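Reading through the structure tokens given below for one structure.
Protein chains: 2
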Amino acid sequence: MKTTIYDVAKAAGVSITTVSRVINNTGRISEKTRQKVMNVMKEMAYTPNVHAAALTGKRTNMIALVTPDISNPFYGELAKSIEERADELGFQMMICSTDYDPKKETKYFSVLKQKKVDGIIFATGIENHDSMSALEEIASEQIQLAMISQDKALLPMDIVVMDDVRGGYEAAKHLLSLGHTNIACIVGDGSTTGEKNRIKGFRQAMEEADVPIDKSLIVPTRFSLESGKEEAGKLLDRNAPTAIFAFNDVLACAAIQAARIRGIKVPDDLSIIGFDNTILAEMAAPPLTTVAQPIKDMGRSVIELLAEAIEGKRKTKQKIVLPPELMVRHSTSPLKPRAR
Amino acid sequence: MKTTIYDVAKAAGVSITTVSRVINNTGRISEKTRQKVMNVMKEMAYTPNVHAAALTGKRTNMIALVTPDISNPFYGELAKSIEERADELGFQMMICSTDYDPKKETKYFSVLKQKKVDGIIFATGIENHDSMSALEEIASEQIQLAMISQDKALLPMDIVVMDDVRGGYEAAKHLLSLGHTNIACIVGDGSTTGEKNRIKGFRQAMEEADVPIDKSLIVPTRFSLESGKEEAGKLLDRNAPTAIFAFNDVLACAAIQAARIRGIKVPDDLSIIGFDNTILAEMAAPPLTTVAQPIKDMGRSVIELLAEAIEGKRKTKQKIVLPPELMVRHSTSPLKPRAR
DNA sequence: CTGTTAGCGCATTCAC
DNA sequence: GTGAATGCGCTAACAG
Chain U
1 MKTTIYDVAK AAGVSITTVS RVINNTGRIS EKTRQKVMNV MKEMAYTPNV
51 HAAALTGKRT NMIALVTPDI SNPFYGELAK SIEERADELG FQMMICSTDY
101 DPKKETKYFS VLKQKKVDGI IFATGIENHD SMSALEEIAS EQIQLAMISQ
151 DKALLPMDIV VMDDVRGGYE AAKHLLSLGH TNIACIVGDG STTGEKNRIK
201 GFRQAMEEAD VPIDKSLIVP TRFSLESGKE EAGKLLDRNA PTAIFAFNDV
251 LACAAIQAAR IRGIKVPDDL SIIGFDNTIL AEMAAPPLTT VAQPIKDMGR
301 SVIELLAEAI EGKRKTKQKI VLPPELMVRH STSPLKPRAR
Chain V
1001 MKTTIYDVAK AAGVSITTVS RVINNTGRIS EKTRQKVMNV MKEMAYTPNV
1051 HAAALTGKRT NMIALVTPDI SNPFYGELAK SIEERADELG FQMMICSTDY
1101 DPKKETKYFS VLKQKKVDGI IFATGIENHD SMSALEEIAS EQIQLAMISQ
1151 DKALLPMDIV VMDDVRGGYE AAKHLLSLGH TNIACIVGDG STTGEKNRIK
1201 GFRQAMEEAD VPIDKSLIVP TRFSLESGKE EAGKLLDRNA PTAIFAFNDV
1251 LACAAIQAAR IRGIKVPDDL SIIGFDNTIL AEMAAPPLTT VAQPIKDMGR
1301 SVIELLAEAI EGKRKTKQKI VLPPELMVRH STSPLKPRAR
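Following this line, the structure appears as structure tokens:
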């Protein structure tokens, strides 16, 4: 049978209180009995029952990552970086993939409350109204909250984001420096804070360079490969931009494909810059020039903030903004004098 | 404060047993009191404390997915398909990314035991010897085990794999049907059952076609993009295969890049076929012809098997073998008469 | 059909 | 320094 604290206590000739104390390193115990208990625990291969501990109010060491889609490389890489650091800090991670479904979101909040996770990291906005009330209960139960890669927390929580304004700015700047002025943007549905900020940065750079922005060159998509190909295709048929700023690597790949079908050469006839720097950027042909999000750092930062909050080391919420980094590869090139 | 089963019982004017019964749908209760209790629970927004329940031996509804690397699209997509079905079946999923580190593996096994997860799905082989003893304890504690995409279970467990022999066979067959005979294979370190079987299938097809196999055309890699590019490059410099069978999509992309650098056109001068059919296959330029693993089905199948085992519906272990599917895209083409 | 009671394994006052 | 006793919230005999 499973060995309990009683078994250990008996074998060590002490009370369960003493055993509990050496486990949690609380109270005062003589070095001698501590050693004895430790040895017995090792011999019996004793591991405390987490649920019994949780029942008395102890932490569960579980955190949850709420993400729209783990199969998306960006979230996959994010999850990995969080998991790595979480493991080091002694936390296990539950994955909640909402699949952009508000119902699933709400449902998950309910189980997270039940499971008494120590903290939750949102890699998605919280869109659903029903979710909000569930979330408020969660917050009132001492469960710590944090948000990553989004900046629309409706409740007080720690936040880690990248400087999207600067990201958009640098992307535009790069293209401008190569001589491009006829630049299109392939965006998503425009709802996320990230997108809005990227556009803002883009505008800023264009204004500084005194290049007017043609609104017909800003094309929305559903953030998917299919949708990206379609919209990029229409764009290329309609206008003739010499450069495209895609708001993520998937859309950049889509643009490459759309160009390819039309016999437009990247980067010779058309420069394309992506965003995120996921594995796709390396894989693409040609390899993608892209604005890198510091995924690893972002992941580490959130979980560290969250851990601090869980341990009660800090009561004030914090916001960390990390800088983007331009990765120049081979999908962008100087504007050719007689291009298109 | 958190509302407990006592609060509900009091408010409903019944005993906690009755409440427990309606929660778990056990025993016989009059429809009337059941309704009453249900209403009260809803009004009070009561959710049972999972830990208290677990303490009495009830299931935790937690399962764990042990994977080498969730940031790898293949495992990401696998995780997603498992999570989706798990959610439907009422299970939450913990992610354990071992990062190919035996120590982390062992450590995870220990916490999984503590947490009393209902079941564990291995998407990795179990390599570590220390892990084995930990695993045996786990198995002895009623925790159900399953393995996916690998077939080297050291303990009895349910298994879901793809027919890799056939996958290798179909890849070779496809290339042969296009007229290729000078075919190279880019493999990994050769350790997994999947690889061995793919080679086996490849050999089989070649033999049937009476095409001799040149062993120098089988090049090992570390399964990474970098390593793949390097080895593919050496291969192309050294021999001059007209086709390459890469053992996963990452390696296929690597081969495309290596060819590109050398001015070798895909698929005109060189046909390349991948394996897995991850998002990379769609993204690649040209889009990759590849042997699709039925990731979604595989994921669904394991979790369903596991759930059955957890619910005790079946005592005998089962093995499901799913068929691969050839996805013809644009990275392969008929051998040109005067090619290279 | 419903209620009483005794644990599940552990943390935590209080005493000693 | 150490231990006995109590309760965390729930399930499962056992009685009615």
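Each protein sequence line maps, in turn, to chains U and V. Mapping of the first sequence onto our numbering: position 53 corresponds to residue 53, and the numbering continues sequentially without gaps. Mapping of the second sequence onto our numbering: position 51 corresponds to residue 1051, and the numbering continues sequentially without gaps. Just so it is clear, CB atoms sit at the ideal spot from N, CA and C, and this is done for glycine as well. For clarity, every value in this text was computed on a predicted model and none was experimentally measured.
For residue i, three-class secondary structure by DSSP
{"i": "E1105 of chain V", "result": "helix"}
{"i": "S1097 of chain V", "result": "strand"}
{"i": "R340 of chain U", "result": "Its pLDDT being 45, under 50, R340 of chain U is placed unreliably by the model, and the measurement read from it follows with that caveat. DSSP places R340 of chain U in coil when its eight states are reduced to three."}
{"i": "E325 of chain U", "result": "strand"}
{"i": "S1331 of chain V", "result": "coil"}
{"i": "S1149 of chain V", "result": "coil"}
{"i": "G1312 of chain V", "result": "coil"}
{"i": "D269 of chain U", "result": "coil"}
{"i": "V161 of chain U", "result": "strand"}
{"i": "I1218 of chain V", "result": "strand"}
{"i": "I1126 of chain V", "result": "coil"}
{"i": "K1319 of chain V", "result": "strand"}
{"i": "L1155 of chain V", "result": "coil"}
{"i": "S1227 of chain V", "result": "helix"}
{"i": "G1190 of chain V", "result": "coil"}
{"i": "K2 of chain U", "result": "coil"}
Segment limits, alpha helix (DSSP H) that includes residue i
{"i": "D164 of chain U", "result": "164-177"}
{"i": "T1017 of chain V", "result": "1016-1024"}
{"i": "V1250 of chain V", "result": "1249-1261"}
{"i": "I1264 of chain V", "result": "Unbroken run through I1264 of chain V: none, as it is neither H nor E."}
{"i": "A1184 of chain V", "result": "Careful: A1184 of chain V lies outside any alpha helix (DSSP H), inside the beta strand (DSSP E) at 1183-1186."}
For residue j and residue i, believed in contact at Cβ under 8 Å, the rounded distance
{"i": "P68 of chain U", "j": "T98 of chain U", "result": "6 Å"}
{"i": "P241 of chain U", "j": "I186 of chain U", "result": "Contact flag wrong, Cβ pair sits at about 10 Å."}
{"i": "I1303 of chain V", "j": "R1085 of chain V", "result": "5 Å"}
{"i": "L1270 of chain V", "j": "A1243 of chain V", "result": "7 Å"}
{"i": "M1298 of chain V", "j": "V1160 of chain V", "result": "5 Å"}
{"i": "I1070 of chain V", "j": "A79 of chain U", "result": "5 Å"}
{"i": "E1325 of chain V", "j": "A1292 of chain V", "result": "4 Å"}
{"i": "V266 of chain U", "j": "I273 of chain U", "result": "About 11 Å separates the two Cβ atoms, so there is no contact after all."}
{"i": "G119 of chain U", "j": "L145 of chain U", "result": "7 Å"}
{"i": "L236 of chain U", "j": "I264 of chain U", "result": "6 Å"}
{"i": "E231 of chain U", "j": "V219 of chain U", "result": "5 Å"}
{"i": "T1060 of chain V", "j": "V1014 of chain V", "result": "No, T1060 of chain V and V1014 of chain V are not in contact; Cβ-Cβ is about 27 Å, not under 8 Å."}
{"i": "M1044 of chain V", "j": "A1011 of chain V", "result": "7 Å"}
Run of the beta strand (DSSP E) containing residue i, from where it starts to where it stops
{"i": "F202 of chain U", "result": "Note, F202 of chain U: premise wrong, no beta strand (DSSP E); alpha helix (DSSP H) at 193-208."}
Beta-bridge pairing of residue i - partner residues as DSSP gives them
{"i": "I1213 of chain V", "result": "In the DSSP output, where bridge partners are listed per residue, I1213 of chain V has none listed."}
{"i": "K1344 of chain V", "result": "The structure shown does not extend to residue 1344 of chain V, since chain V is modelled only from 1001 to 1340, so the question has no answer here."}
{"i": "G1119 of chain V", "result": "V:I1063, V:Q1144"}
{"i": "G1274 of chain V", "result": "V:T1290"}
{"i": "A1285 of chain V", "result": "Bridge partners of A1285 of chain V: none, in fact."}
{"i": "A240 of chain U", "result": "In the DSSP output, where bridge partners are listed per residue, A240 of chain U has none listed."}
{"i": "A134 of chain U", "result": "The partner list for A134 of chain U (beta bridge, DSSP) is empty, contrary to what the question assumes."}
{"i": "F1245 of chain V", "result": "V:C1185, V:I1273"}
### Query
Can you list the alpha helix (DSSP H) stretches of 4 or more residues lying completely in the region 1012-1091 of chain V, in chain order?
1016-1024, 1031-1044, 1050-1055, 1073-1088
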